[in-house]
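*Asks:* Here the numbering used here is used: the first residue of the sequence shown is 77, the next is one more, and so on. Every residue, glycine too, gets a C-beta built ideally from N, C-alpha and C. Starting off with a structure, shown below.
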Amino acid sequence: MSTTAVERLVSWEEIQDIELVILRRMKEYALGAHQSDFHGSGFDLAGLRDWQPGDRPSAIDWAQSTLTNFSPLITREFDQESTASVIIVADTSLSTRCGVDDTPIAKVIARVVATLALAAAFFQDRVGLVALEGGSRRLIVPPHAGKNHAMHCVDVYQECLSRGAPSGREHGEGDLAGLLRRRSLLPVVSDFLFDAPEAMLEEFAALAHWHDVLVVLVDSAFAFDLPPVTAGWFTGYDVESGRTRLMSAREVEGLGEQVHEWQDRVEAVARRLGLDIVRVAPEAEHEALAEFLRNRRVRKR
77 MSTTAVERLV SWEEIQDIEL VILRRMKEYA LGAHQSDFHG SGFDLAGLRD
127 WQPGDRPSAI DWAQSTLTNF SPLITREFDQ ESTASVIIVA DTSLSTRCGV
177 DDTPIAKVIA RVVATLALAA AFFQDRVGLV ALEGGSRRLI VPPHAGKNHA
227 MHCVDVYQEC LSRGAPSGRE HGEGDLAGLL RRRSLLPVVS DFLFDAPEAM
277 LEEFAALAHW HDVLVVLVDS AFAFDLPPVT AGWFTGYDVE SGRTRLMSAR
327 EVEGLGEQVH EWQDRVEAVA RRLGLDIVRV APEAEHEALA EFLRNRRVRK
377 R
(Lines of atoms letter the chains of each structure in order from A and count residues from 1; the text may use other names and numbers.)
(Lines give C-alpha, C1' and ligand atoms only; values in the text may rest on other atoms or scores of the structure.)
Protein backbone atom coordinates (compact mmCIF):
# COMPACT_ATOMS: atom_id res chain seq x y z
CA MET A 1 0.00 0.00 0.00
CA SER A 2 1.28 3.44 -0.90
CA THR A 3 0.81 6.33 1.52
CA THR A 4 3.04 8.93 -0.14
CA ALA A 5 1.94 11.61 -2.54
CA VAL A 6 3.16 11.19 -6.09
CA GLU A 7 4.82 14.28 -7.59
CA ARG A 8 2.71 14.12 -10.72
CA LEU A 9 -0.58 12.30 -10.20
CA VAL A 10 -2.11 13.32 -13.53
CA SER A 11 0.10 13.58 -16.61
CA TRP A 12 -0.39 16.11 -19.40
CA GLU A 13 -1.42 13.24 -21.67
CA GLU A 14 -4.18 12.27 -19.24
CA ILE A 15 -5.36 15.88 -19.05
CA GLN A 16 -5.56 15.99 -22.85
CA ASP A 17 -7.62 12.77 -22.82
CA ILE A 18 -9.96 14.28 -20.23
CA GLU A 19 -10.29 17.43 -22.32
CA LEU A 20 -11.30 15.37 -25.36
CA VAL A 21 -14.01 13.65 -23.32
CA ILE A 22 -15.29 17.02 -22.08
CA LEU A 23 -15.37 18.44 -25.61
CA ARG A 24 -17.16 15.41 -27.01
CA ARG A 25 -19.74 15.12 -24.23
CA MET A 26 -20.50 18.81 -23.85
CA LYS A 27 -20.55 19.76 -27.54
CA GLU A 28 -23.23 17.13 -28.15
CA TYR A 29 -25.57 19.37 -26.18
CA ALA A 30 -24.02 22.83 -26.44
CA LEU A 31 -24.08 23.08 -30.24
CA GLY A 32 -27.21 24.56 -31.77
CA ALA A 33 -29.33 27.69 -31.70
CA HIS A 34 -30.19 27.74 -28.03
CA GLN A 35 -27.83 30.28 -26.54
CA SER A 36 -29.95 30.79 -23.42
CA ASP A 37 -29.81 27.15 -22.36
CA PHE A 38 -26.65 27.66 -20.30
CA HIS A 39 -27.01 31.36 -19.65
CA GLY A 40 -30.09 30.98 -17.47
CA SER A 41 -33.27 32.99 -17.47
CA GLY A 42 -31.68 36.31 -16.57
CA PHE A 43 -30.32 37.79 -13.34
CA ASP A 44 -30.52 36.62 -9.71
CA LEU A 45 -30.71 39.11 -6.84
CA ALA A 46 -27.38 38.99 -4.99
CA GLY A 47 -28.14 41.60 -2.32
CA LEU A 48 -28.64 45.27 -1.48
CA ARG A 49 -26.12 48.07 -0.97
CA ASP A 50 -25.93 51.85 -0.73
CA TRP A 51 -26.25 53.82 -3.97
CA GLN A 52 -22.97 54.86 -5.59
CA PRO A 53 -22.32 57.38 -8.39
CA GLY A 54 -22.65 55.62 -11.73
CA ASP A 55 -25.40 53.20 -10.64
CA ARG A 56 -28.28 52.92 -13.07
CA PRO A 57 -31.58 54.46 -11.90
CA SER A 58 -33.31 51.16 -12.76
CA ALA A 59 -31.20 49.41 -10.08
CA ILE A 60 -32.59 51.59 -7.26
CA ASP A 61 -34.85 49.71 -4.85
CA TRP A 62 -37.37 52.45 -4.11
CA ALA A 63 -39.30 50.42 -1.53
CA GLN A 64 -36.17 49.81 0.55
CA SER A 65 -35.01 53.39 0.05
CA THR A 66 -38.17 54.71 1.70
CA LEU A 67 -37.14 52.89 4.88
CA THR A 68 -33.97 55.00 5.01
CA ASN A 69 -35.81 58.17 4.01
CA PHE A 70 -33.79 58.09 0.76
CA SER A 71 -30.59 58.80 2.67
CA PRO A 72 -28.91 56.83 1.31
CA LEU A 73 -30.64 55.38 -1.70
CA ILE A 74 -30.59 51.56 -1.78
CA THR A 75 -29.63 49.74 -4.98
CA ARG A 76 -29.95 46.09 -5.92
CA GLU A 77 -27.03 43.92 -7.03
CA PHE A 78 -27.56 41.00 -9.38
CA ASP A 79 -25.67 37.88 -10.41
CA GLN A 80 -25.92 36.60 -13.96
CA GLU A 81 -25.76 32.83 -14.45
CA SER A 82 -23.67 33.19 -17.60
CA THR A 83 -20.75 34.40 -15.47
CA ALA A 84 -20.99 31.81 -12.73
CA SER A 85 -18.08 30.75 -10.56
CA VAL A 86 -17.17 27.11 -10.00
CA ILE A 87 -15.37 26.62 -6.69
CA ILE A 88 -14.01 23.07 -6.48
CA VAL A 89 -13.64 21.84 -2.89
CA ALA A 90 -11.03 19.05 -3.08
CA ASP A 91 -10.05 16.71 -0.26
CA THR A 92 -6.36 16.91 0.68
CA SER A 93 -6.57 14.85 3.89
CA LEU A 94 -4.07 12.10 4.64
CA SER A 95 -6.42 9.28 3.64
CA THR A 96 -6.19 10.43 0.01
CA ARG A 97 -2.52 9.37 -0.06
CA CYS A 98 -3.51 5.72 0.42
CA GLY A 99 -3.84 3.42 -2.57
CA VAL A 100 -2.63 0.31 -4.39
CA ASP A 101 -0.73 -0.30 -7.64
CA ASP A 102 0.65 3.27 -7.64
CA THR A 103 -2.90 4.64 -7.73
CA PRO A 104 -3.63 6.68 -4.60
CA ILE A 105 -7.11 8.01 -3.94
CA ALA A 106 -5.68 11.50 -4.56
CA LYS A 107 -5.04 10.57 -8.20
CA VAL A 108 -8.76 9.96 -8.72
CA ILE A 109 -9.53 13.28 -7.01
CA ALA A 110 -6.98 15.07 -9.22
CA ARG A 111 -8.64 13.64 -12.34
CA VAL A 112 -12.04 14.80 -11.06
CA VAL A 113 -10.60 18.28 -10.43
CA ALA A 114 -9.28 18.30 -14.01
CA THR A 115 -12.67 17.22 -15.38
CA LEU A 116 -14.60 19.87 -13.44
CA ALA A 117 -12.09 22.64 -14.19
CA LEU A 118 -12.00 21.90 -17.93
CA ALA A 119 -15.80 21.67 -18.05
CA ALA A 120 -15.96 25.13 -16.44
CA ALA A 121 -13.45 26.44 -18.99
CA PHE A 122 -15.59 24.98 -21.80
CA PHE A 123 -18.58 27.02 -20.61
CA GLN A 124 -16.36 30.09 -20.01
CA ASP A 125 -17.09 30.00 -16.28
CA ARG A 126 -14.57 31.05 -13.67
CA VAL A 127 -13.06 28.25 -11.60
CA GLY A 128 -11.29 28.29 -8.24
CA LEU A 129 -9.99 25.70 -5.79
CA VAL A 130 -10.51 25.17 -2.05
CA ALA A 131 -8.43 22.62 -0.13
CA LEU A 132 -10.47 20.56 2.33
CA GLU A 133 -8.72 18.87 5.25
CA GLY A 134 -10.60 18.06 8.44
CA GLY A 135 -12.11 21.28 9.73
CA SER A 136 -9.86 23.44 7.55
CA ARG A 137 -11.03 25.10 4.32
CA ARG A 138 -8.35 27.04 2.41
CA LEU A 139 -8.90 29.01 -0.76
CA ILE A 140 -5.68 28.18 -2.63
CA VAL A 141 -6.70 29.27 -6.14
CA PRO A 142 -9.06 32.26 -6.57
CA PRO A 143 -11.59 31.92 -9.40
CA HIS A 144 -10.59 32.96 -12.91
CA ALA A 145 -11.61 31.89 -16.41
CA GLY A 146 -9.68 30.10 -19.12
CA LYS A 147 -8.22 26.72 -19.99
CA ASN A 148 -4.74 27.58 -18.70
CA HIS A 149 -6.19 28.54 -15.35
CA ALA A 150 -8.15 25.27 -15.23
CA MET A 151 -4.93 23.30 -15.71
CA HIS A 152 -3.28 25.51 -13.08
CA CYS A 153 -5.90 24.32 -10.56
CA VAL A 154 -4.85 20.71 -11.20
CA ASP A 155 -1.18 21.59 -10.70
CA VAL A 156 -1.83 23.44 -7.44
CA TYR A 157 -3.90 20.55 -6.07
CA GLN A 158 -0.99 18.18 -6.68
CA GLU A 159 1.49 20.62 -5.12
CA CYS A 160 -0.79 20.90 -2.10
CA LEU A 161 -0.59 17.13 -1.55
CA SER A 162 3.20 16.98 -1.65
CA ARG A 163 4.11 20.18 0.19
CA GLY A 164 0.97 21.48 1.86
CA ALA A 165 -0.42 24.85 0.77
CA PRO A 166 1.85 26.20 -2.00
CA SER A 167 3.88 29.14 -0.74
CA GLY A 168 2.30 32.51 -1.43
CA ARG A 169 -0.83 31.01 -2.96
CA GLU A 170 -3.18 30.77 0.00
CA HIS A 171 -5.91 33.38 -0.37
CA GLY A 172 -8.04 32.75 2.69
CA GLU A 173 -8.87 30.22 5.37
CA GLY A 174 -11.85 29.64 7.61
CA ASP A 175 -15.55 29.09 7.25
CA LEU A 176 -16.38 28.11 3.67
CA ALA A 177 -19.38 30.42 3.48
CA GLY A 178 -17.07 33.32 4.30
CA LEU A 179 -14.71 32.41 1.45
CA LEU A 180 -17.46 32.50 -1.19
CA ARG A 181 -18.14 36.05 -2.33
CA ARG A 182 -20.90 35.24 -4.78
CA ARG A 183 -23.29 32.49 -5.70
CA SER A 184 -21.28 29.53 -7.04
CA LEU A 185 -21.40 25.97 -8.24
CA LEU A 186 -19.73 24.07 -5.41
CA PRO A 187 -18.49 20.55 -6.28
CA VAL A 188 -17.19 18.78 -3.14
CA VAL A 189 -14.74 16.01 -4.09
CA SER A 190 -13.83 13.63 -1.27
CA ASP A 191 -13.59 10.00 -0.17
CA PHE A 192 -15.36 10.92 3.12
CA LEU A 193 -13.15 8.44 4.99
CA PHE A 194 -13.09 10.37 8.26
CA ASP A 195 -15.06 10.47 11.48
CA ALA A 196 -18.55 12.01 11.46
CA PRO A 197 -18.97 12.74 7.73
CA GLU A 198 -22.59 13.62 8.51
CA ALA A 199 -21.49 16.92 10.08
CA MET A 200 -19.64 17.93 6.93
CA LEU A 201 -22.58 16.95 4.72
CA GLU A 202 -24.88 19.05 6.90
CA GLU A 203 -22.49 21.99 6.43
CA PHE A 204 -22.75 21.67 2.66
CA ALA A 205 -26.52 21.12 2.82
CA ALA A 206 -26.78 24.49 4.60
CA LEU A 207 -24.69 26.10 1.83
CA ALA A 208 -27.02 24.55 -0.76
CA HIS A 209 -29.74 27.03 0.25
CA TRP A 210 -27.79 29.66 -1.70
CA HIS A 211 -25.06 27.86 -3.66
CA ASP A 212 -25.41 24.98 -6.12
CA VAL A 213 -23.73 22.13 -4.23
CA LEU A 214 -22.66 18.87 -5.89
CA VAL A 215 -21.05 16.04 -3.91
CA VAL A 216 -18.56 13.89 -5.84
CA LEU A 217 -17.94 10.74 -3.79
CA VAL A 218 -14.74 8.96 -4.81
CA ASP A 219 -15.29 5.21 -4.56
CA SER A 220 -12.23 4.23 -2.52
CA ALA A 221 -12.82 0.53 -1.87
CA PHE A 222 -10.13 -0.25 -4.47
CA ALA A 223 -7.47 1.20 -2.15
CA PHE A 224 -8.32 -1.37 0.53
CA ASP A 225 -8.92 -4.47 -1.60
CA LEU A 226 -5.75 -6.21 -0.46
CA PRO A 227 -4.52 -9.61 -1.66
CA PRO A 228 -5.16 -12.64 0.57
CA VAL A 229 -2.90 -12.78 3.60
CA THR A 230 -1.78 -15.68 5.73
CA ALA A 231 -3.46 -16.28 9.05
CA GLY A 232 -2.22 -14.04 11.80
CA TRP A 233 -2.65 -10.62 13.38
CA PHE A 234 -1.77 -7.24 11.91
CA THR A 235 -1.46 -3.75 13.35
CA GLY A 236 -3.40 -1.16 11.38
CA TYR A 237 -2.66 2.56 11.59
CA ASP A 238 -5.33 5.19 10.87
CA VAL A 239 -3.59 8.10 9.14
CA GLU A 240 -6.56 10.42 9.83
CA SER A 241 -6.89 9.93 13.60
CA GLY A 242 -3.47 8.50 14.47
CA ARG A 243 -5.07 5.52 16.19
CA THR A 244 -3.78 1.95 15.88
CA ARG A 245 -5.76 -1.27 15.99
CA LEU A 246 -4.94 -4.96 16.04
CA MET A 247 -6.75 -6.79 13.21
CA SER A 248 -7.10 -10.41 12.21
CA ALA A 249 -6.35 -11.67 8.70
CA ARG A 250 -10.10 -11.94 8.03
CA GLU A 251 -10.64 -8.31 9.04
CA VAL A 252 -7.81 -7.19 6.75
CA GLU A 253 -9.35 -9.06 3.81
CA GLY A 254 -12.72 -7.41 4.53
CA LEU A 255 -11.44 -3.81 4.59
CA GLY A 256 -12.54 -3.11 1.02
CA GLU A 257 -16.10 -4.22 1.74
CA GLN A 258 -16.18 -2.13 4.94
CA VAL A 259 -15.14 0.97 3.00
CA HIS A 260 -17.81 0.24 0.39
CA GLU A 261 -20.50 -0.04 3.08
CA TRP A 262 -19.23 3.15 4.79
CA GLN A 263 -19.51 5.10 1.54
CA ASP A 264 -22.97 3.62 0.90
CA ARG A 265 -24.07 5.22 4.18
CA VAL A 266 -22.43 8.53 3.22
CA GLU A 267 -24.32 8.50 -0.08
CA ALA A 268 -27.61 7.75 1.70
CA VAL A 269 -27.09 10.64 4.14
CA ALA A 270 -26.29 13.05 1.28
CA ARG A 271 -29.47 12.09 -0.56
CA ARG A 272 -31.52 12.40 2.62
CA LEU A 273 -30.19 15.96 3.04
CA GLY A 274 -31.27 16.77 -0.52
CA LEU A 275 -27.76 17.01 -1.98
CA ASP A 276 -26.95 16.00 -5.55
CA ILE A 277 -24.34 13.24 -5.40
CA VAL A 278 -22.41 11.24 -7.99
CA ARG A 279 -20.11 8.33 -7.19
CA VAL A 280 -17.04 7.94 -9.36
CA ALA A 281 -14.63 5.02 -9.68
CA PRO A 282 -10.98 4.98 -10.83
CA GLU A 283 -10.25 5.01 -14.58
CA ALA A 284 -13.84 5.94 -15.47
CA GLU A 285 -14.34 9.08 -13.39
CA HIS A 286 -14.11 11.66 -16.19
CA GLU A 287 -16.54 9.78 -18.45
CA ALA A 288 -19.09 9.28 -15.66
CA LEU A 289 -18.72 12.83 -14.34
CA ALA A 290 -18.99 14.46 -17.77
CA GLU A 291 -22.18 12.53 -18.49
CA PHE A 292 -23.58 13.40 -15.06
CA LEU A 293 -22.84 17.11 -15.55
CA ARG A 294 -24.41 17.11 -19.00
CA ASN A 295 -27.59 15.41 -17.74
CA ARG A 296 -27.68 17.64 -14.67
CA ARG A 297 -27.64 20.79 -16.80
CA VAL A 298 -30.58 19.45 -18.79
CA ARG A 299 -32.47 18.52 -15.62
CA LYS A 300 -31.96 21.94 -14.00
CA ARG A 301 -33.07 23.97 -17.03
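Taking all protein chains shown into account, do 16 or more other C-beta atoms lie within 10 angstroms of the C-beta of residue 200, making it buried, or fewer, making it exposed?
*Replies:* Label assigned to residue 200: exposed.
*Asks:* Determine the direct distance from the alpha carbon of residue 363 to that of residue 298, and round the result to whole angstroms.
*Replies:* Going by the C-alpha atoms only, they are around 18 Å apart.
*Asks:* Note down, one range per segment and in chain order, each alpha helix (DSSP H) of at least 4 residues found wholly within the stretch 292-359.
*Replies:* If we require 4 residues or more, the alpha helix (DSSP H) runs fully inside the stretch 292-359 come out as 325-329, 331-348.
*Asks:* State the Cα-Cα distance for the pair residue 86 and residue 257, rounded to the nearest angstrom.
*Replies:* Taking the straight line joining both Cα atoms gives about 30 Å.
*Asks:* Name the DSSP beta bridge partners of residue 288, please?
*Replies:* According to DSSP, which records beta bridges pairwise, residue 288 is partnered with 261.
*Asks:* What did DSSP end up calling residue 125 once you bin it into helix, strand or coil?
*Replies:* Looking at residue 125 - three-state DSSP - the assignment turns out to be strand.
*Asks:* When burial is assigned at 16 or more other CB atoms within 10 Å of the CB, is residue 148 buried or exposed?
*Replies:* Answer is exposed; the Cβ neighbour count stays below 16.
*Asks:* From residue 351 to residue 307, what distance separates their C-alpha atoms?
*Replies:* For residue 351 and residue 307, the distance between alpha carbons rounds to 43 Å.
*Asks:* Would you mind reading off the limits of the beta strand (DSSP E) that contains residue 212?
*Replies:* 212-220 is the span of the beta strand (DSSP E), which, as asked, contains residue 212.
*Asks:* Identify which residue in 267, 369, 319, 128 has its Cα closest to the Cα of residue 173.
*Replies:* Taking only the C-alpha atoms, the option nearest residue 173 is 267.
*Asks:* Measure the Cβ-Cβ separation of residue 270 and residue 171 and say whether it is below 8 Å.
*Replies:* Contact: yes.
*Asks:* First and last residue of the beta strand (DSSP E) that includes residue 203?
*Replies:* Counting along the chain, the beta strand (DSSP E) containing residue 203 begins and ends at 202-209.
*Asks:* Identify whether residue 84 lies in helix, strand or coil by the three-state DSSP scheme.
*Replies:* The answer is coil: DSSP assigns residue 84 none of H, G, I, E or B.
*Asks:* Run through DSSP, which three-state label would residue 180 get?
*Replies:* Strand, per DSSP.
*Asks:* Roughly how many whole angstroms lie between the Cα atoms of residue 226 and residue 188?
*Replies:* Rounded to whole angstroms, residue 226 to residue 188 spans 12 Å at the Cα level.
*Asks:* Drop a sphere of 10 angstroms on the beta-carbon of residue 287, count the other beta-carbons inside from all chains shown, and report buried for 16 or more, exposed for fewer.
*Replies:* Its Cβ being crowded by 16 or more others within 10 Å, residue 287 is buried.
*Asks:* When the Cα of residue 219 is compared with those of 183, 163, 212, which residue comes out closest?
*Replies:* Considering only alpha carbons, the answer is 163.
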